[in-house]
Structures are given as structure tokens and as C-alpha cells.
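*Asks:* Residue numbers (our numbering), protein chains in the order written: chain A, 20 to 240; chain B, 253 to 818.
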């Protein structure tokens, strides 16, 4: 059995589900720390963040959306307080890009176009992000394989300790990936998201390892 | 002169315990219950049970950053932030790394909590006995020195501490996996039950899967409430439902009326008296005022955490003990070990779409060691156990990459795939060259020199990890789990927070620091009963063993004291 294809499975036991982008952004110690600048975003950009979040997690028949959970201000705050400088810059640039493209494609600010148009635009940005991440991860994988080949050809004494934690590969912070991560985090941990999309029980009091799934059962927050 | 005598009398106790974590709390309880006046010294602040668990009842949306760290926290906690334990949820339980630097000759992740209760507040609570397989292995394969005890020496003390602490779990009657005095086990979920059945059938119980044995109460016990299944233990439990100093040993010690607890007391040196050839007390730095104060006692228990204790011993030099207290062997600071982990497999369980769980269980399943047991011989020595579990998340298989929108939200709000994973915890060997020593080129916030740590895993661990990964995948596949993927995320010493060794027990004073009673060979009234005493790591989570060794050492120390031998 050849199982060299080790997968990045961060902390299965803690139940965390962070994307690769988030991991690279949050744990890469080489990044310059972010500066908590009050003026990182213009007031229009703050509005833009709220609207984009509401496209990522909109209101449906089943539960309210990101706007109702006040996710926009949460994202702005998180970018200012919890992200390194390169991610902050990429995020601002991403907002500018959305606005430029909205004007080019629809002749109006993102704040003024219809939900359908917003979805179209965000879908494009998403597809480009997926493509960019694919290019980067392919390149990283290639580099890693090359590194492993070089490593294998070294005399044993010079080889890196095979048990060591490898430094995370540098990935470019992507606006949409960050926006989506923070929208999901902010929404599902908000009171609205946790109690109306998910189901929140503060003190379960017991554990039942095998219950029948009820119709309409929601995920436990 | 009179004043000094009076001050000395005021500062004199029967026993001093250095450190208030898992083992220090036990030492305080045992010694006070045996009638000794005990001074319990803790370098950090006090944390009062329940009252000071400030985040324990917070709802997810009451955390400003929803658990994540700010750039400012990452800057002040460059070590603590390296792995998952340091989060917004209990950030005040972890040290500011800038206050207490250390030198990494090689990377070593040192997780610390300076407060009453120490890591007993944040520990993982998994509680397993060591067996004679473990106690005999050093002697058999020649790594490290022989354990000076065998299972029969410690078994009654495992009984004793389990009964008090409250450990839930199943008796299994499985070789080298001693049963104990357990509260009812937590329940496996339906996927885990199925995996258990299939693995045990496939290997004819040559491998077993049992419910994690954990220091969480499944029923009320000793006046403490039972687990409420919130899975928020690391914030401190308002129900007292897991074992910690605060919930368990400290109240018992306080109840005797014999305990004095002094927080903000960083013990900087054990004072050696060359007339009696014993320790006469300790010198502390008040960590708030920087005042230096001396306390005196007939016996000293050192429970400052593995590396904290060894730092204290190395820092306690005198003309008679120029290389650290009780370090005639030269072994003090050597043979540092930790478990290696972050290696295993996971996959998806099919056929349970109509089942879900209720409540959040802060526990998983356990597969005890089966490698290098009996006729099994591998290309490495020792072995590993697995921790793991199954859970059902909101993730569904058909979700596109970076999906968004209303349908996506509605879909991930419903229970999706079941996943099941197994992660190995492997034994590491006691290598003499894996060591710590005092580095005088730096100072901590309190003016002390710092520890230099030079430790790495080696070939034996690397070989074991291949089995840890492949065996996990094989068993999951045997159990019908689909889409099984292996992982090896690498493991740096320190990450498991099971650091052990550096003041090992042994039969021979020439090659060990402590005798079979955790008593220093060379300084008979000093006992060291935390992780530093371990001659090997085994692969089981170690804290229960520290508890048992501590209670056993306290019993011996008081008997010896009464006999006038120390």
C-alpha cells in the first residue's frame, strides 16, 4: 500500500474546518503583522463588504442571511485585527476590483446593481479565484516534489528530519477566499446563524451517540 | 536577630510543594491529608474554581473574534500560537511568550500556563495506566535506564487516584492495557460502534477499540457534577465535571485546614544545607513585586512541570551541587521526550445517513498498542496507540469548490457526511543528547536565566510513523470506511504537550536523578513527581501516571519523615 499522498488534515479531533488559504494566512509566521488601521476601508467599502457577504450567505426561506447577522462589520473588524499586512492589502485590492468591474460590466457601483448581477460578478470572481488557487497549488506541488527529489538524493546526514513539521507553503492571499471564510465564520457563529440556520443548545446535558435523524434536522452549532 | 528568627518561623512549614498543576495539586492534597502543614507555591495568578472561568458560559457570538487570534496576540504569543491550543476561547490560560523566553537549539514548542491549576485546567483528560510492557521495555531493548518500579508497585496507586479523580471508561481485559476503577464509559456513536465491531472481528480482538478513558465524570462523583456534554472543557468547567486542581485536589487540601496557597510565587532556587545534606527550603521571586523571599520546610515536592522542575533543579547550585541540585549523575536535563503524533488516516462512513448525535462529547475512541507486542516485530522498537472518533458535519460531498449562495447555505446547515479518523500517539525514545540546559545569555521578565532546549525525534520515531499512518488506513478500510486518506503533518517535540524526562527515576544514582520513590538520590528530602521523572514515555497519555506516582511518593515521604529518616 503506497500512501505517500499525505493530506493536510488539520486537527481532525478539534473539528476545525479551516481552508488551506486560512491556514496559510493565519499561521504563516513570515508575514508582516497587520496594522490595525481604523481607515483601512472607506465607508463605501464597508457597505460593499456587507453586500458581498449577503451574496455569499443570503436570506433564504429557511434562515436569514449574512446581513441580518451583521456579518459585514464583523469581517471589517477581523481584517483589521486578525490578518497580516499582505492579506489586508489583498482584501482592499479585491474590493476595489469588484467595484471597478461592476462599473465596467454594469455601468454602476456594486451597491447599485441587482442581486442577479451581483451573483454574476461574484461567480466570475469565484471562478478566477479557484483557477488562481489551482495554478498556485499545482506550482507548489511541483516545487514540493522537486524539493523531495533533491532531499532524497542528499546523503542521509544532510537530509531534513522526516518527522519535522514542514513550513507551510507560501500562498497568495485571495480576496474571495478570505471574504467567504469570514462570512461563513461570522454567520454560523452569530446568534442568527447559530440558532436559525444551525441549532444551538447551550447545555445538552447528555450525549446520545445514535439518534434518528428528524426531518428538517439542522447541524448543531 | 529576634526579628529574623520570627520571620523564619513564620515562613516555615512541614512541606513545600512547588507548582499547583496536576501533580502539585495531588502532592498538596496527600500531604495535607496526612497532617502536614503545606505551603503550595504557584508562579502565576490565582484562578478560583468556577468564578474565574470567565469564558466558560459564553456563547459563540460573545467572542469578538469567534475564537481566532488577533495580530497583537500572535505577536505576544509567538510559541503558543504555533498550534491549536491557544485560541481566544481560553487565551488567558496561556503564557505570554515574551515574558518567559527560551532558546530553541532546535524547534521545541513549549506550551505553558502560569496560574493556579496549571495545565490541569487545559489538559486533554485522557487517562491510561502504563503496564509492565512499558515498565520493562527500557531494560529489554536497552534504551534509557530500567524503570525502578513495576506495575505491581504502582497498581494500588492507580486504583487510589482513579477512585478520587473520577475516570470514565470501559474495562477490556486486553493485554498490556490494565483495567481500572472506572465510572461508566461515554457512549460511542453509531459509526464508531460499527468500526469497533469490524476491527475487533477482523483482528479477532488482537486489536481493540474502546471508549476513551477520560477524567470527565459520567455520573456525579465526589460532590462534583457530571459532564453536560458541551465540549468546552478547556475554558474551565463550571460543573466541576473534569478533574483539575481546582475541581478536585485543591478543595480537598483546603478542607484539611493545613494548606497555605501562595500564588505569584516563582520558585527560583531550592536552598541546600550542606550540614544536613538536605534542602532546607526555597527562595522565591514574588512575580508581581519581584521581592525575594525564603520559605523553609522539612520536605520539598517539585511539581513545576517537566521543564519547569528541571530548570529549578539546574538553577539550584551550591558548592556541593555545582551542576544543579542532585545532579551527580550528570543526567539532569537529559533524556527529554515527548509523544509524536499528527499522523494517521481518516475517511467517510456510508450507510448512516439516517442517524445523528445529540450533545457534544469531549472524548473519542482509543485503540491501545498492539505493535511490538508478543510475536509482532517491527523495524522500530516500542509502539503507539490511536485516538480518534467519528462525527457528522454539515459538509456534503457534492459541494463545489468555494461554493456560495442560498442553496449552499441551506445545504451545509443540514447534517452531511460522517467522517471517521484515527490519529496515532507514538512513544519516543530517551536519547541522552535530547536535553535542556541553562542559557545565561538571556533573562526572563523576572531576571532569571532561561532554558535552552535541544531535542529532536529520530529514526525510530520516523519509522514508527509510517506504521501509524498505514495501520490507521488499513483498519479504517477493514471497517468499511470509504475514501480513506492518510496524513502525516509532522510532529515537533513539545507539540503533544506530553514532555517527559530530564530528571529520570532509576535504580542507579550514577545514571539517574530520582530513586524508585521519586526521591532525589542525593538529596533525600526532595521529591520530583511530575513528568520530568519519567524514564520512558510509553505511548499512553501520561498524567494519570504522574498522579499515581505523586500519591505514592507522598505516602513514602510522610512515612520516612515520621520514622525520622528525612
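All C-beta atoms, glycine included, are put in the ideal place defined by N, C-alpha and C.
Near residue 820(B), which residues of its chain fall below 7 angstroms by C-beta distance, leaving aside the five closest residues on each side in sequence?
*Replies:* The requested residue 820(B) does not occur in the structure, where chain B is confined to residues 253 to 818.
*Asks:* Would residue 178(A) be called buried (16 or more neighbouring beta carbons within 10 Å of its own) or exposed?
*Replies:* So residue 178(A) ends up on the exposed side.
*Asks:* According to the Cβ coordinates, are residue 700(B) and residue 817(B) closer than 9 angstroms?
*Replies:* It is not a contact, given that the beta carbons lie outside the stated cut-off.
*Asks:* Give me the Cα-Cα distance between residue 46(A) and residue 334(B), rounded to the nearest whole angstrom.
*Replies:* For residue 46(A), the predicted model reports a pLDDT of 48, less than 50, meaning its position is unreliable; a value from the coordinates is still stated below. Near 7 angstroms, if we compare the C-alpha coordinates of residue 334(B) and residue 46(A).
*Asks:* Mapping the DSSP letters down to three states, classify residue 230(A) as helix, strand or coil.
*Replies:* Residue 230(A): strand per DSSP, three-state reduction.
*Asks:* Helix, strand or coil: how does DSSP classify residue 24(A) here?
*Replies:* Residue confidence for residue 24(A) is low, a pLDDT of 37 falling below 50, so the modelled location carries little weight and cannot support an answer.
*Asks:* Taking a Cβ distance cut-off of 8 angstroms, strictly less, list which residues of the region 425-455 of chain B are near chain A, in chain order.
*Replies:* Per Cβ criterion, the list reads 438, 439, 440, 441, 442, 444, 445.
*Asks:* How big is the Cα-Cα spacing for residue 801(B) and residue 398(B)?
*Replies:* Going from the Cα of residue 801(B) to the Cα of residue 398(B) covers about 16 angstroms.
*Asks:* Between the C-alpha atoms of residue 313(B) and residue 125(A), what's the straight-line distance to the nearest angstrom?
*Replies:* If I take the Cα positions, the gap works out to 37 angstroms.
*Asks:* Look at the alpha carbon of residue 600(B) and the alpha carbon of residue 648(B), and state the distance between them as a whole number of angstroms.
*Replies:* About 11 angstroms.
*Asks:* Going by Cα to Cα distance, which pick from 573(B), 607(B), 471(B) is closest to residue 443(B)?
*Replies:* Checked all of 573(B), 607(B), 471(B); the closest Cα to residue 443(B) is 607(B).
*Asks:* For the beta strand (DSSP E) that contains residue 448(B), what are its first and last residues?
*Replies:* Per DSSP, residue 448(B) belongs to no beta strand (DSSP E); it is in the alpha helix (DSSP H), 442-454.
*Asks:* So which residues of chain B does residue 9(A) contact, with C-beta pairs closer than 9 angstroms?
*Replies:* This structure cannot speak to residue 9(A), because chain A is shown only from 20 to 240.
*Asks:* Could you say which of 613(B), 390(B), 588(B) lies nearest to residue 224(A) if we only look at CA atoms?
*Replies:* Per the Cα distances, 613(B).
*Asks:* Does the beta carbon of residue 480(B) come closer than 9 angstroms to any beta carbon on chain A?
*Replies:* It does; some Cβ of chain A falls within 9 angstroms.
*Asks:* Taking Cβ-Cβ distances shorter than 9 angstroms, what residues in chain B pair up with residue 113(A)?
*Replies:* The premise fails here: residue 113(A) is roughly 13 angstroms from chain B at the closest Cβ pair, so nothing lies under 9 angstroms.
*Asks:* Return the residues of the region 695-712 of chain B that lie within a Cβ-Cβ distance of less than 7 angstroms from chain A, sorted by chain order.
*Replies:* Listed by position, the residues of the region 695-712 of chain B near chain A (Cβ gap below 7 angstroms) are 708, 709.
*Asks:* Does any residue of chain B bring its CB to less than 9 angstroms from the CB of residue 157(A)?
*Replies:* No - not a single Cβ of chain B is within 9 angstroms of the one on residue 157(A).
*Asks:* Taking the Cβ atom as the reference point for each residue, do residue 402(B) and residue 416(B) lie within a distance shorter than 9 angstroms?
*Replies:* No, the Cβ-Cβ distance between residue 402(B) and residue 416(B) is not below 9 angstroms.
*Asks:* Which stretch, first to last residue, makes up the alpha helix (DSSP H) that contains residue 415(B)?
*Replies:* Per DSSP, residue 415(B) belongs to the alpha helix (DSSP H) from 403-417.
*Asks:* Does the region 261-281 of chain B come close enough to the region 498-507 of chain B that 3 or more CB-CB pairs lie under 8 angstroms?
*Replies:* These segments touch.
*Asks:* How big is the Cα-Cα spacing for residue 730(B) and residue 671(B)?
*Replies:* Their backbone Cα atoms lie some 15 angstroms apart in a straight line.
*Asks:* Given 8 angstroms as the limit, is there contact between the region 584-594 of chain B and the region 676-686 of chain B, that is, 3 or more CB pairs closer than that?
*Replies:* These segments touch.
*Asks:* Note the first and the last residue of the continuous beta strand (DSSP E) segment covering residue 670(B).
*Replies:* That run of the beta strand (DSSP E) goes 670-678.
*Asks:* If you measure between the beta carbons of residue 645(B) and residue 667(B), is that distance less than 9 angstroms?
*Replies:* Yes, the Cβ-Cβ distance between residue 645(B) and residue 667(B) is below 9 angstroms.
*Asks:* Can you confirm whether the region 408-424 of chain B touches the region 791-811 of chain B when touching is taken to mean that 3 or more C-beta pairs between the two stretches lie within less than 8 angstroms?
*Replies:* As far as the Cβ criterion goes, the region 791-811 of chain B touches the region 408-424 of chain B, which means the pair count is three or higher.
*Asks:* Can you check whether the CB of residue 780(B) is closer than 9 angstroms to the CB of residue 561(B)?
*Replies:* In contact: residue 561(B) and residue 780(B) (Cβ atoms closer than 9 angstroms).
*Asks:* Could I get the ranges of all uninterrupted beta strand (DSSP E) runs contained in the region 595-646 of chain B, with 3 residues as the minimum, in chain order?
*Replies:* The qualifying runs are 595-601, 607-610, 617-619, 636-644.
*Asks:* On the three-state DSSP scale, how would you describe residue 47(A)?
*Replies:* Here residue 47(A) scores only 49 on pLDDT, less than 50, and its place in the model should not be relied on; the value that follows carries that caveat. Reduced to three states, the DSSP call for residue 47(A) is coil.
*Asks:* Please tell me whether residue 185(A) has its Cβ less than 9 angstroms away from any Cβ of chain B.
*Replies:* At least one chain B Cβ lies under 9 angstroms of residue 185(A).
*Asks:* Scan the region 500-571 of chain B and note each continuous beta strand (DSSP E) run of 3 residues or more that stays entirely inside, going in chain order.
*Replies:* Fully enclosed beta strand (DSSP E) runs of 3 or longer: 511-514, 517-525, 530-538, 544-554.
*Asks:* Report buried or exposed for residue 421(B), applying the criterion of at least 16 other Cβ atoms within 10 angstroms of its Cβ.
*Replies:* By the neighbour-count rule (16 or more Cβ atoms within 10 Å), residue 421(B) is buried.
*Asks:* May I ask you to verify whether the region 755-770 of chain B touches the region 787-797 of chain B, counting CB pairs closer than 8 angstroms and requiring at least 3?
*Replies:* As far as the Cβ criterion goes, the region 755-770 of chain B touches the region 787-797 of chain B, which means the pair count is three or higher.
*Asks:* Indicate whether at least one CB of chain B lies closer than 9 angstroms to the CB of residue 93(A).
*Replies:* Yes, contact with chain B.
*Asks:* I'd like to know whether the C-beta of residue 46(A) is nearer than 9 angstroms to at least one C-beta of chain B.
*Replies:* Below a pLDDT of 50, predicted positions are generally treated as unreliable, and residue 46(A), at 48, falls in that range; the measurement from the model is reported next regardless. Yes - at least one Cβ of chain B is within 9 angstroms of the one on residue 46(A).
*Asks:* Who are the Cβ neighbours of residue 525(B) in its own chain at under 8 angstroms, not counting the five residues just before and after it?
*Replies:* So the qualifying residues of the chain are 531, 532.
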